Amino acid sequence: MRGLTIDELKIGDRACFEKIVSEDDVYSFAEITGDFNPLHVDEKKCKEVFRKRIAHGALIAGYLSACIGMYLPGPGTIYLSQNSKFNLPVYFGDTIKAEVEVLKIYKNENIVKLKTTCTNSKGHRVLTGEAFVMPPSIA
Numbered sequence: 001m002r003g004l005t006i007d008e009l010k011i012g013d014r015a016c017f018e019k020i021v022s023e024d025d026v027y028s029f030a031e032i033t034g035d036f037n038p039l040h041v042d043e044k045k046c047k048e049v050f051r052k053r054i055a056h057g058a059l060i061a062g063y064l065s066a067c068i069g070m071y072l073p074g075p076g077t078i079y080l081s082q083n084s085k086f087n088l089p090v091y092f093g094d095t096i097k098a099e100v101e102v103l104k105i106y107k108n109e110n111i112v113k114l115k116t117t118c119t120n121s122k123g124h125r126v127l128t129g130e131a132f133v134m135p136p137s138i139a
């Protein structure tokens, strides 16, 4: 199984990945990263800033990694960089749709620029940004 090569991609190509943010996901992410910020794990503390606990922004950005690594360009892709703006909080139980779209192709460098967006089930953009990736080469 391999992803699309630079020659197989075209501007406008898109892919998406959807996931429901669960409490288990947030706590697992906290365990893995060591980020136990009360906004993510303490119901009482987070009410001072948000109505309820929120997911880590980096967890939501990770959904983009799944989309890139599994769908577009897909397996074998090297994730080079990502800039992200976290527009809105993501709450436990939210369904997040991570989407990528090919914006520019640098054939000589084997690099692709992607538009990255995560939206919630209400259609609000919770994360926006851009990524640079290196699609797999022909073996």
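Residue numbers for the sequence shown follow full-length UniProt numbering, so the first one is 1 and each next one is one higher. Backbone N, C-alpha and C fix where the C-beta goes; we use that ideal spot for every residue, glycine too. Here the structure is a predicted model, which is why all the values come from computation and not from measurement.
Endpoints, the beta strand (DSSP E) within which Ala15 is located:
Here the beta strand (DSSP E) through Ala15 covers Arg14 to Ile20.
Does the Cβ of Asp94 have 16 or more other Cβ atoms within 10 Å, making it buried, or fewer, making it exposed?
Classification for Asp94: buried.
Go ahead and label Ile138 buried or exposed: buried means 16 or more other beta carbons lie within 10 angstroms of its beta carbon, across all protein chains shown.
Under this definition Ile138 is an exposed residue.
If you run the structure through DSSP and keep just helix, strand and coil, what is Gly76?
Note: Gly76 maps to coil in three-state DSSP.
Roughly how many whole angstroms lie between the Cα atoms of Phe50 and Val41?
Phe50 and Val41: Cα-Cα distance of roughly 12 Å.
What's the C-alpha gap between Ala98 and Lys45?
Here the alpha carbon of Ala98 sits roughly 28 Å from the alpha carbon of Lys45.
Neighbourhood of Arg2 by C-beta distance below 6 Å, restricted to the same chain and skipping five residues each side
Within its own chain, the residues whose Cβ lies closer than 6 Å to the Cβ of Arg2, once the five positions on either side in sequence are excluded, are Pro75, Gly76 and Pro136, listed in chain order.
Helix, strand or coil for Asn120, going by three-state DSSP, please let me know.
In this structure, Asn120 counts as coil in the three-state DSSP scheme.
Could you compute how far the alpha carbon of Val126 sits from the alpha carbon of Thr119?
Spanning the alpha carbons of Val126 and Thr119 requires a straight line of approximately 5 Å.
Assuming the contact rule is C-beta atoms closer than 8 Å, Lys52 and Tyr91 should be a hit. Round their C-beta distance to whole Å, please.
By a beta-carbon distance limit of 8 Å, Lys52 contacts Tyr91. Their separation comes to about 6 Å.
Checking 8 Å against the spacing of the C-beta atoms, do Leu4 and Pro73 come in under that value?
Their beta carbons are under 8 Å apart, which means Leu4 touches Pro73 by this criterion.
Please go through the same chain and pick out, in chain order, the residues whose beta-carbon is closer than 8 Å to the beta-carbon of Leu80, but skip the five residues on each side of it.
Answer for Leu80: Ile111, Ala131, Phe132, Val133 and Met134, listed in chain order.
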